[in-house]
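Here is the structure we will look at, set down as structure tokens.
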Amino acid sequence: MRTVEQFANFSWYLRKSYVNKVTQHPYSDDLEAILKQYPKLVIAMNHGPMSGPLAGTVGMMNQYYKHGGKNRKPVVIAWRGFYKVPLFKYVIQYMSQVRNPPNLDGFAKKLTNGQATDVFVMPEGENCSFGNGLDIEPFLSPRFVELALKAETPILVAVHVGSELWSKIIPVSKRLNPALRYLPQKSYERIKHNGRINLGLYGLKKIPDLQMCFKLYRPGMTLEDLNKPNGQKLLQQESDNIRELMQLIVDIVSGKKQPT
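Structure representation (structure tokens):
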């Protein structure tokens, strides 16, 4: 399992190619103190546009390297379909440090047995395709909270702002509806309703200032609460709280709101 430091050359190349500078916003919690206190973390990060994970990777590697996380061993929860794409699967295997993605218990085990120190997830997933690259889209699943409960660790909410410059919102004609029916039902309904899709995958401009911000979130529920009749409702509420916090951070970092 490679450390952040062992990814340094790779992340340096990405930063030089796509980002002028990375800065930590003053609203952020003390990342160095968090990394010292918690030897393992689940990191929930905003997605941004479709290419947002590229900027998110640059920002996270930069901030971990600067703030005492050189020896952390991160793994990434990515869409399983990526691991089936010829050639690209080798890229995702390298970046995620996962050859064949395990289930949730498998990722929890990587944290509890020390194989990994950090599990990264972008809960918006494919919903990033339907937004503007800045607002937080609905999370696909609340189970990343369950992962944190099983690993007995808090959740580090990480936000990057700047990759919204890579958004390319394309109108989708209603005449394409018959073809779009082959998409997953939820995706089809979103495109049909919005009449547009965000496909920023090419011609990426260099981001002048990629801003990062971190807030530590401690779930109010326990793993035992999952077995209660309202366990799934509690899990969803925790997920909703994190999405709300993530949006607040985005609004503050982007200048839309002032911190209180």
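Going by the numbering used here, 74 is the number at position 74 of the sequence shown; the sequence numbering is gapless. All C-beta atoms, glycine included, are put in the ideal place defined by N, C-alpha and C.
DSSP places F88 inside the alpha helix (DSSP H), whose first and last residues are F88 to S96. For the pair L216 and L156, the CB atoms are nearer than the 8 angstroms cut-off.
About 5 angstroms separates the beta carbons of F214 and D29, which is inside the 8 angstroms limit, making them a contact pair.
In summary, F7 is buried, with 16 or more beta-carbon neighbours lying within 10 Å of its beta-carbon over all protein chains present.
F120 sits in a strand when the DSSP states are folded into three classes. Counted as a single uninterrupted DSSP element, the stretch harbouring Q115 is not any alpha helix (DSSP H), since DSSP gives it neither H nor E.
Counting along the chain, F139 sits inside no beta strand (DSSP E), nor does DSSP assign it H or E at all. Taking the C-beta atoms as reference points, L111 is found nearer than 8 angstroms to K40. Apart from the 5 residues on each side of it in sequence, H47 sits with its Cβ closer than 6 angstroms to the Cβ of M122, E124 and C128 in its chain, given in chain order. A contact between stretches requires three or more CB pairs, one per stretch, nearer than 8 angstroms, and the region 75-85 fails this requirement with the region 226-237. With respect to the C-alpha of N100, the residue from A108, M212 and K89 having the closest C-alpha is K89.
Every beta strand (DSSP E) of 3 residues or more that sits fully in the region 52-84 is shown, in chain order, as 74-76. Judged by DSSP secondary structure, M246 falls within the alpha helix (DSSP H) whose first and last residues are G231 to V253. The beta carbons of N194 and S167 sit no closer together than 8 angstroms.
Per DSSP, H160 is not a residue of any alpha helix (DSSP H); the beta strand (DSSP E) it occupies stretches across I155 to V161. Between A148 and V250, the gap from beta carbon to beta carbon reaches 8 angstroms or more.
Here DSSP, grouped into helix, strand and coil, assigns N177 to helix.
The continuous alpha helix (DSSP H) containing L35 extends over residues L31 to Q37.
Under a 10 Å Cβ-count criterion, S173 is classified as exposed, with fewer than 16 other Cβ atoms of the shown protein chains found around its own Cβ. Contact between N177 and F130 does not hold, since the beta-carbon distance rounds to 16 angstroms and is not under 8 angstroms.
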